[in-house]
């Protein structure tokens, strides 16, 4: 089994989950060097999706690929080189080596702006807005055309998260209030549960090709999200409630937080029950349980001013 992006936030957890599979022999690929490894069933290799020629031979002896590598943020040309063209080259290598199953961990952001309520992938058009989402959607098309599997999580949280909870905390600090009661609901998944879902799909005895939503099946209200952030991360409580228009005024000039606000004031929750039901994999932690488990990491790193930024995994 090959795991790409194996030293990244999601890919590292997928690699850890894959290690737990009985009899698994792993090739863990990433741009950074993996740790010293004494396990003969695990091999680390350097691989960069931006260098397609360097992928030659990567899939030799591999029957399953878990593709977790991606570029998030940055210019469209570099995102396309990594996300689309890198995936194209990896698929070609997989086909040449006779890989049986190819699973891509993508993102629900390929759907663009909501409203999304209990929506299954078969009912949702792909309408990406950002360079990252457009190029990841292009990669998805390649994977699906090759008979592969695509996972589209929405908000992924856990130790190592540089985007979701840091963004929510920045928004809370800037607004110092709730917005229209924070009535919208979100799909969320713990990164460790996402990793279990990815490996379950990869080794399932039945055909798992197509698109899956690997979120926790119970959506969480944004009021609950912010209450948990205050309680578990020691943030100051908000002072009252404001309307969305006032919130946009307070965030003027910060397109990232305006994007977060637009998402959090409209429902973004997806029908995510099918994956857990059909694989028999337990859905795992609800939001508050997950945040409580990862709170020590968040408290340590949020104190250093961590915020979302372009990066590669």
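Residue numbers (our numbering): -4 to 308. Note that CB positions come from ideal geometry on N, CA and C, so glycine has one too.
- With 16 or more other Cβ atoms from the protein chains shown falling within 10 Å of its own Cβ, residue 263 counts as buried.
- In its chain, beyond the 5 residues on either side, 130 have a beta carbon closer than 6 Å to the beta carbon of residue 75.
- Taken through DSSP and simplified to helix, strand or coil, residue 203 comes out as coil.
- Where residue 25 is concerned, the enclosing beta strand (DSSP E) starts and stops at 21 to 25.
- By DSSP's assignment, residue 39 forms a beta bridge with 23.
- Around the beta carbon of residue 214, 16 or more other beta carbons lie within 10 angstroms, which makes this residue buried.
- A distance below 8 Å separates the beta carbons of residue 183 and residue 210.
- In the same chain as residue 154, and ignoring 5 residues on each side of it, the C-beta atoms closer than 6 Å to its own belong to 289 and 292, in chain order.
- Taking C-beta atoms as the reference points, residue 240 and residue 177 fail to come closer than 8 Å.
- In the three-state DSSP reduction, residue 124 falls in the coil class, being neither helix nor strand.
- In the three-state scheme derived from DSSP, where H, G and I count as helix and E and B as strand, residue 264 is classed as strand.
- Measuring C-alpha to C-alpha distances from residue 62 to each of 137, 253, 258 and 233 identifies 137 as the nearest.
- Residue burial annotation: residue 266 is buried, with at least 16 other C-beta atoms found within 10 angstroms of its C-beta.
- The alpha-carbon of residue 121 is positioned some 11 Å away from that of residue 102.
- The three-state secondary structure of residue 96, taken from DSSP, is strand.
- Annotation note: the stretch 250 to 298 contains the following uninterrupted alpha helix (DSSP H) runs of length 4 or greater, listed N- to C-terminal: 250 to 259, 268 to 274 and 282 to 297.
- Excluding residues up to 5 positions away in sequence, 58 and 59 lie with their Cβ nearer than 8 Å to the Cβ of residue 95 in the same chain.
- By the criterion of at least three beta-carbon pairs nearer than 8 Å, the stretch 103 to 119 is not in contact with the stretch 159 to 169.
- Beta-bridge pairing by DSSP links residue 236 to 173.
- Counting along the chain, the unbroken beta strand (DSSP E) around residue 114 starts and ends at 111 to 114.
- Residue burial annotation: residue 51 is exposed, with fewer than 16 other C-beta atoms found within 10 angstroms of its C-beta.
- Counting the other Cβ atoms within 10 Å of the Cβ of residue 195 gives 16 or more, which makes it buried.
- Contact check for residue 99 against residue 127 fails: the beta carbons are separated by 8 Å or more.
- With the rule of 3 Cβ pairs closer than 8 Å, the stretch 75 to 88 counts as touching the stretch 30 to 50.
- Taking 8 Å as the cut-off, the beta carbon of residue 44 is found no closer than this to the beta carbon of residue -2.
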